[in-house]
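Trainee:
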Amino acid sequence: MSYVLEKLQTPFILTVDTGFIIGEVSIKAFVYVNLSLGDQQLAQFQEIQSHLRMVEDERVQFNILKATTVDKLPTDMEGMEATMERLLVLIDDTYKYVGDVVEGLVAPDNNVGRFISETVSSIPKLSPSAFDKLVNDSLQIFSTPK
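According to the UniProt record's numbering, the sequence shown is numbered sequentially starting from 1.
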């Protein structure tokens with residue numbers, strides 16, 4: 001504590017509850033009050049009134065952050081399922097784009113084509129049996145009770 005007292009004129013503590021438990025961010029500020037008990041120096045932090053002020057850009061980011069809160073964290077299986085669903089959507093979008101380019105419905109974009117090519121070439125080549133084993137092993141890990 002003596003280090004803090006040397007470096008700051010008015011030591012303070014700021015607590016921020018980013019869990020949005022009550023639907024809003026909870027910010028509390030505490031300032032240092034010198035306290036002595038006999039010949040012993042102590043420290044006490046007393047809460048002071050604080051107000052949250054934001055400019056418009058900060059408010060937009062704050063509302064985005066607040067909107068991303070979740071009631072509970074997903075289980076491993078739920079997380080894997082959500083990831084697989086998102087992956088399937090991306091694969092479907094890519095498949096549709098390539099099909100539309102081949103049929104002449106969409107003008108080809110070299111940057112998109114290069115990105116798809118690099119992505120596909122970075123995927124490890126597995127035999128069907130090795131892929132099945134990998135998926136089954138992963139599913140067993142997720143379904144094993146902890």
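Built from N, CA and C at the ideal position, the CB exists for glycine as well. All figures in this text were calculated on a predicted structure; none of them were measured in a lab.
Could you tell me the distance, in whole angstroms, from the CA atom of E85 to the CA atom of Y95?
Mentor: Counted from its first residue, the sequence shown places residue 85 at position 85. Counted from its first residue, the sequence shown places residue 95 at position 95. Distance between the alpha carbons of E85 and Y95 is about 15 Å.
Trainee: For a quick check, are the C-beta atoms of Q44 and V33 less than 8 Å apart?
Mentor: Residue 44 sits at position 44 when you count from the first residue of the sequence shown. Residue 33 sits at position 33 when you count from the first residue of the sequence shown. Taking 8 Å as the Cβ cut-off, Q44 and V33 qualify as a contacting pair.
Trainee: What are the boundary residues of the beta strand (DSSP E) that includes K28?
Mentor: Locating residue 28 in the sequence shown gives position 28, where the first residue counts as 1. Per DSSP, K28 belongs to the beta strand (DSSP E) from S26 to L37.
Trainee: For T15, report the span of its alpha helix (DSSP H) as first-last.
Mentor: By one-based count along the sequence shown, residue 15 stands at place 15. That residue, T15, is in no alpha helix (DSSP H); its beta strand (DSSP E) goes F12 to D17.
Trainee: Leaving aside the five residues before and after T18 along the sequence, list all residues of the same chain whose C-beta is less than 7 Å from its C-beta, in chain order.
Mentor: Along the sequence shown, one-based indexing puts residue 18 at 18. So the qualifying residues of the chain are V25.
Trainee: Based on the DSSP secondary-structure assignment, which residues constitute the bridge partners of E47?
Mentor: In the sequence shown, counting from the first residue as 1, residue 47 sits at position 47. In the DSSP output, where bridge partners are listed per residue, E47 has F30.
Trainee: Assuming Q46 and F30 are in contact, meaning their beta carbons sit under 8 Å apart, how far apart are those beta carbons, in whole angstroms?
Mentor: The residue given as residue 46 occupies position 46 in the sequence shown. The residue given as residue 30 occupies position 30 in the sequence shown. Going by Cβ atoms, the distance from Q46 to F30 rounds to 6 Å, so yes, they are a contact pair.
Trainee: Return the CA-CA distance between A107 and V98, expressed in angstroms with no decimal places.
Mentor: Taking the first residue of the sequence shown as 1, we reach residue 107 at position 107. Taking the first residue of the sequence shown as 1, we reach residue 98 at position 98. Rounded to whole angstroms, A107 to V98 spans 10 Å at the Cα level.
Trainee: Please state the DSSP three-state secondary structure of L65.
Mentor: By one-based count along the sequence shown, residue 65 stands at place 65. Three-state DSSP puts L65 in a helix.
Trainee: Alpha carbon to alpha carbon, how far is L37 from K28?
Mentor: What you label residue 37 is simply residue 37 of the sequence shown in a count that begins at 1. What you label residue 28 is simply residue 28 of the sequence shown in a count that begins at 1. Using only the alpha carbons, I get a separation of about 27 Å.
Trainee: By the three-class DSSP mapping on this structure, what secondary structure does Q9 have?
Mentor: Against the sequence shown, residue 9 aligns to sequence position 9. The answer is coil: DSSP assigns Q9 none of H, G, I, E or B.
Trainee: Considering just the uninterrupted stretch of the alpha helix (DSSP H) at T75, what are its terminal residues?
Mentor: The residue given as residue 75 occupies position 75 in the sequence shown. Premise fails: T75 is in no alpha helix (DSSP H) and is neither H nor E.
Trainee: Out of curiosity, what's the CA-to-CA distance linking M54 and T15?
Mentor: On the sequence shown, residue 54 is found 54 positions in, with the first residue counted as 1. On the sequence shown, residue 15 is found 15 positions in, with the first residue counted as 1. The alpha-carbon atoms of M54 and T15 are separated by roughly 17 Å.
Trainee: If you compare alpha carbons, which of P74, I91, I64 and D100 is closest to T119?
Mentor: The residue labelled residue 119 in the question sits at position 119 within the sequence shown. Measuring from the Cα of T119, the nearest candidate turns out to be I91.
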